[in-house]
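Here the structure comes first, spelled out in structure tokens, and everything after it is commentary.
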Amino acid sequence: MGVLGDLKNDVVGFVRNPTDEQKILLVAFVSMAVSDRYFYYNDIPFVVRTTAAVGVGFIVMFVVSYLYTGQLVPPDGNVDDDEEPEEYVDELDP
Numbered sequence: 003m004g005v006l007g008d009l010k011n012d013v014v015g016f017v018r019n020p021t022d023e024q025k026i027l028l029v030a031f032v033s034m035a036v037s038d039r040y041f042y043y044n045d046i047p048f049v050v051r052t053t054a055a056v057g058v059g060f061i062v063m064f065v066v067s068y069l070y071t072g073q074l075v076p077p078d079g080n081v082d083d084d085e086e087p088e089e090y091v092d093e094l095d096p
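Residue numbers for the sequence shown follow my numbering, so the first one is 3 and each next one is one higher.
Right, here's the structure in full:
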């Protein structure tokens with residue numbers, strides 16, 4: 003199907019059953035948009051307001067991630083340790 007088919011499947015998956023990461027990124031995106039509009043209406047210069055909006059987005063992303071998962075970063079996991087059950091396995095970790 004190609005790129006458009008994959009994009010369609012991703013959008014349908016996001017609307018019907020979003021993952022935890024997608025929920026957190028959506029909240030961060032909305033907070034960036036809201037803070038950018040707030041800075042715009044207060045006549046903050048363009049470079050300052052966009053930089054501040056990105057900063058607000060990162061802060062909100064970390065706070066929401068902590069509130070949602072209970073930890074700031076995912077644990078390293080015990081991928082090499084076969085004796086204990088796996089807590090978290092990064093799909094990109096070889």
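Just so it is clear, CB atoms sit at the ideal spot from N, CA and C, and this is done for glycine as well.
Keep in mind that this is a model prediction, so the values were computed, not measured.
Assigned secondary structure, residue i (DSSP; H/G/I helix, E/B strand, else coil)
i     : result
Pro57 : Inspection of the sequence shows that residue 57 is occupied by Gly rather than by Pro. In this structure, Gly57 counts as helix in the three-state DSSP scheme.
Ile46 : coil
Thr52 : helix
Gln24 : helix
Test item: CB-CB of residue i and residue j under 8 Å
i     : j     : result
Phe31 : Gly59 : yes
Ala55 : Ser37 : yes
Distance between residue j and residue i (C-alpha atoms, nearest Å)
i     : j     : result
Gly72 : Ile61 : 16 Å
Asp12 : Asn44 : 37 Å
Val35 : Val29 : The displayed chain sequence assigns Ala, not Val, to residue 35. Ala35 and Val29: Cα-Cα distance of roughly 10 Å.
Gln24 : Gly15 : 10 Å
Ile26 : Met63 : 6 Å
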